[in-house]
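Numbering (the working numbering), first residue to last: 17 to 192.
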């Protein structure tokens, strides 16, 4: 496709670590070297990010790598084992935040969140994340088990994988 004029090709190569996959703009899928079509490039690595950034990826996708909303990715779309683990952890945290948003009547559904204007979309994250942490009062004390010793102004910079680990540790402590 490199020798064709840009306007005539429906396939474009994605830069950096994803050069082994071709993006097909008419389907939004990547063709892997084995011929399979997937939602992410073959060598793509799930990013370790804050919960807020993952919220954006979850609903809006990763424009740089031409990947749609991460909520549609499955383990078959990700070749790297560590990335599958990160995606699973991100899914657990995002599912929890989505349930909080709906239960708190900040949104009526996952689809509703995905269609929100950017400012409302981010406000729903902020409110849901505060509820998730059990944030109280002006001092921002965190009351959720496992998070109560953390500073509220620092938790927002924690990676979603770390948040997942705290959740899992507390769940294990309660059931173990």
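Every residue gets a Cβ at the ideal spot worked out from N, C-alpha and C, and that includes glycine.
Please read all numbers here as calculations on a predicted model, not as lab measurements.
- Between the alpha carbons of residue 144 and residue 63 lies a gap of roughly 22 Å.
- The continuous alpha helix (DSSP H) containing residue 181 extends over residues 176-191.
- Residue 78 carries a strand assignment under DSSP once its states are collapsed to helix, strand and coil.
- Within the same chain, Cβ atoms closer than 7 Å to the Cβ of residue 166 are found at 158, the five residues on either side in sequence being excluded.
- Here residue 72 carries a helix assignment [DSSP, helix/strand/coil].
- Apart from sequence neighbours up to five positions away, the residues of its chain that approach residue 75 with a beta-carbon distance below 8 Å are 85, 87, 129, 130, 137, ordered along the chain.
- Closest in alpha carbon position to residue 65, among 91, 107, 82, 187, is 107.
- When the five nearest sequence neighbours on each side are left out, the beta carbons in the same chain lying within less than 6 Å of the beta carbon of residue 176 are those of 67, 70, 106, 109, in order along the chain.
- The alpha-carbon of residue 114 is positioned some 10 Å away from that of residue 122.
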